[in-house]
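Student:
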Amino acid sequence: MTDSERAPTHNSTDPEKAPFETSSVETEEVAFDPVLEKSWRKIDFFVLPVVAMFYLLSFLDRTNFANARVAGLQQDLKMTNNGYSIALTVTYIPYIVAELPSNLVLKAVGPNLMLPTMLTLWGIITTLQGVVKNYAGLLACRFFLGLCEGGVFPGLVLYLSFWYPRRQLQSRVSAFFSTASLSGAFSGILAFGIVQMNGVGHRPGWAWIFILEGLFTFLFGLSTYITLPRSPAYARFLNEKEKAYVMSRLRETGATGFNEEVDAFSWREVGQAFTLPQVWFLALIFFFDGVLVYGLAYFTPSIVAGLGFINANAQLFSVPPFAVAFVGTVITSYISDRYGCRGYVTIFAGVLATVGFAMFLAVKSVHVKYGSLFLSITGAYVAAPALSTWSANNAAPYTRRATAIAIGFIMTNSGGILATWLLGSLSPPPLYTKATITLLIFSILMIIFTILNIVFLTFQNKQKAEIRATTSRENEKPGLGDHSAWFVYSL
128 MTDSERAPTH NSTDPEKAPF ETSSVETEEV AFDPVLEKSW RKIDFFVLPV
178 VAMFYLLSFL DRTNFANARV AGLQQDLKMT NNGYSIALTV TYIPYIVAEL
228 PSNLVLKAVG PNLMLPTMLT LWGIITTLQG VVKNYAGLLA CRFFLGLCEG
278 GVFPGLVLYL SFWYPRRQLQ SRVSAFFSTA SLSGAFSGIL AFGIVQMNGV
328 GHRPGWAWIF ILEGLFTFLF GLSTYITLPR SPAYARFLNE KEKAYVMSRL
378 RETGATGFNE EVDAFSWREV GQAFTLPQVW FLALIFFFDG VLVYGLAYFT
428 PSIVAGLGFI NANAQLFSVP PFAVAFVGTV ITSYISDRYG CRGYVTIFAG
478 VLATVGFAMF LAVKSVHVKY GSLFLSITGA YVAAPALSTW SANNAAPYTR
528 RATAIAIGFI MTNSGGILAT WLLGSLSPPP LYTKATITLL IFSILMIIFT
578 ILNIVFLTFQ NKQKAEIRAT TSRENEKPGL GDHSAWFVYS L
């Protein structure tokens, strides 16, 4: 067991060091139990599919806009390229505004109520996009869609951190984030089939994309009021012994505080998150990757169409790169959890994206340009779960972690705003030369700032090791969270 996963000493008055009590029995360190370790598999079975579907539908209900554009949305509503970019930007502004407050109140309201409500509401709004008659109506729908979805991704990462120890988190974050790349593949296939309904009910094919996908989201959202548990303590699929073991392991490994006092909301902890250097290193990387992820999510069908594929085939040919990205995300997340190498996975992702964009920029062959999408899309999507988990792993207690996660996603979606203009208006199709150069530079900057963050965290861990060698935890100032010498940063 590493230093970061050792149980703290429990003979002080520090809430972070207080013992976890169950049935009035104190446990100083949780003994590894191979039978009770199967509790995580139960959680995987009951929690992960619901969370994964949440994010798949979230991403599907945002990126179907790109499929609708290829299917005739832009022409029917008489949108210019600037108008299309404005429609995307209108989604991101409330999305960004909602992320931090949503994360701060998630635990108080209860994720089992807050997340299903957001899902149900955005299902209704997505459906309404299919009945709009003009551009103004579309903008109104996009605004409220962003408002309802803003807290979803940071909320899901925070929610999963309630359930899994730090070293087990990325493979689970990947399990739901990889559905984003899966939705990129699935949306193309789905859109190809749905647009065949063109004219049904006197509605164009693009309208049916919104209507059918929105109705499914609405119905699934209603079901999650029943299927999404609040926390391990409320999980009906775990018996009392399994609940006690899971909660003890979470506290022992620093995934949660040792009591409610530690994890209680505090404005001081919100402010502390803004002072963490690793948060701002990651914030920049989140921004760069956000431009990559959303640029490719929103414009891949248009990029493929620009390579000479007709509209229907553009939907289908956008599928394979996202399918490869899905596989790559799952494999790299397993490696990251197995070896604790969040930063190195991010560097690998940056290298893939760099090579992909360089190929698209330098080579004239249509086939090579299409092949480059396999590298750039995979690189962009592989980085996202690694960054999300890295952010969650390296901030404590709860409020500080919730704020750090929200900062990362605010920056991600700020990158999304740039992406909507970069590929939508500032860099014309079909080659998107200015956009490709920008994305190439951002991929390189991802690598550079990831290296800087690894160096910083390594230095911090060495300083903490020196402190641990010369003092005991009982002598440490209480309430330090991730500043504690006994909190070892993930690399």
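All letters in the sequence shown, in the order written, are residues 128 to 618 by the numbering used here. In this text, a Cβ means the ideal position worked out from N, Cα and C, and glycines have one as well.
Going straight from the alpha carbon of Trp-394 to that of Asp-609, what length do you get?
Tutor: When rounded, the distance between both Cα atoms is 16 Å.
Student: For Pro-292 and Ala-195, I'd like the C-alpha separation in whole angstroms.
Tutor: Spanning the two alpha carbons is a distance of roughly 40 Å.
Student: Would you kindly work out how many angstroms separate the C-alpha atoms of Ala-522 and Trp-333, rounded to a whole number?
Tutor: In a straight line, the C-alpha of Ala-522 is about 43 Å away from that of Trp-333.
Student: Excluding five sequence neighbours on each side, which residues of the same chain lie with their C-beta closer than 7 Å to the C-beta of Ile-321?
Tutor: Taken in chain order, the residues that qualify are Gly-332, Trp-335, Ile-336, Leu-339.
Student: Does the distance from the C-beta atom of Ser-503 to that of Phe-484 stay below 8 Å?
Tutor: Yes. Within cutoff.
Student: Which residues in the same chain as Asp-464 place their Cβ atom closer than 7 Å to its Cβ, once the five residues preceding and following it in sequence are excluded?
Tutor: Hits under 7 Å: Arg-294, Gln-295, Gln-297, Ser-298.
Student: Span of the alpha helix (DSSP H) holding Leu-417?
Tutor: A quick correction: the sequence has Gly, not Leu, at residue 417. That run of the alpha helix (DSSP H) goes 404-433.
Student: Closer than 6 Å by C-beta to Glu-396: which residues in its own chain qualify, once you throw out the five before and the five after it? Chain order, please.
Tutor: Thr-526, Arg-527.
Student: What did DSSP end up calling Tyr-559 once you bin it into helix, strand or coil?
Tutor: Looking at Tyr-559 - three-state DSSP - the assignment turns out to be coil, as it is neither helix nor strand.
Student: Tell whether a beta-carbon distance below 8 Å holds between Gly-535 and Phe-614.
Tutor: Result no, Cβ atoms of Gly-535 and Phe-614 do not sit closer than 8 Å.
Student: So Cys-268 packs on Leu-255, CB below 8 Å; how close in whole Å?
Tutor: That belief holds up - the Cβ atoms of Cys-268 and Leu-255 are roughly 5 Å apart, short of 8 Å.
Student: Note down the Cα distance separating Leu-618 from Met-241, rounded to an integer number of angstroms.
Tutor: Approximately 32 Å, taken between the alpha carbons.
Student: Looking only at its own chain, which residues have a Cβ that is under 6 Å from the Cβ of Gly-341, when we skip the five neighbours before and after it?
Tutor: Closer than 6 Å at the Cβ level, and outside the excluded window around Gly-341, lie Gly-250, Thr-253, Thr-254.
Student: How many Å lie between Thr-218 and Arg-595 at the Cα?
Tutor: Cα-Cα distance, rounded: 48 Å.
Student: Starting from the C-beta of Thr-563, find all residues in its chain whose C-beta is less than 8 Å away, skip the five residues before and the five after it, and write them out in chain order.
Tutor: Around Thr-563: Phe-484, Phe-487, Leu-488, Ser-554.
Student: May I have the straight-line CA-CA distance separating Leu-349 from Asp-188, to the nearest angstrom?
Tutor: About 16 Å.
Student: Among Met-573, Phe-192, Pro-447, which residue has its Cα nearest to the Cα of Tyr-425?
Tutor: For Tyr-425, the nearest C-alpha among the options comes from Phe-192.
Student: On the CB-based measure, 16 or more other CB atoms within 10 Å of its CB, does Ser-105 come out buried or exposed?
Tutor: Lying outside 128 to 618, the shown extent of the chain, residue 105 is not represented and no answer is given.
Student: Only counting the same chain, and skipping five residues up and downstream in sequence, which positions put a Cβ closer than 8 Å to that of Phe-583?
Tutor: The answer, listed in chain order, is Pro-404, Gln-405, Phe-408.
Student: Is Thr-456 closer than 8 Å to Leu-567 when the C-beta atoms are compared?
Tutor: Cβ atoms of Leu-567 and Thr-456: not closer than 8 Å.
Student: Is DSSP giving Phe-392 helix, strand or coil here?
Tutor: DSSP places Phe-392 in coil when its eight states are reduced to three.
Student: Please state if the CB of Leu-411 and the CB of Asn-239 are separated by a distance shorter than 8 Å.
Tutor: No. Outside cutoff.
Student: Under 8 Å, do Ala-312 and Phe-453 count as touching if we go by C-beta distance?
Tutor: Yes; because the gap between Cβ atoms is below 8 Å, this pair is in contact.
Student: State the Cα-Cα distance for the pair Lys-604 and Leu-572, rounded to the nearest angstrom.
Tutor: The straight-line gap from Cα to Cα measures roughly 37 Å.
Student: One question on the structure: do Lys-491 and Leu-163 come within less than 8 Å of each other, judged by their Cβ atoms?
Tutor: Not closer than 8 Å, so no.
Student: Identify whether Lys-491 lies in helix, strand or coil by the three-state DSSP scheme.
Tutor: DSSP places Lys-491 in coil when its eight states are reduced to three.
Student: Which residue's Cα is closest to the Cα of Gln-442: Lys-169, Val-197, Thr-190?
Tutor: Nearest C-alpha to Gln-442: Val-197.
Student: So Cys-275 is in the alpha helix (DSSP H); what residue range does that whole segment cover?
Tutor: 262-276 is the extent of the alpha helix (DSSP H) around Cys-275.
Student: Just to confirm my understanding: we take Thr-505, look at its own chain, exclude 5 residues before and 5 after, and list those with CB closer than 6 Å. What are they?
Tutor: Excluding positions up to five away in sequence, the list reads Val-451, Ala-452, Gly-455, Leu-479.
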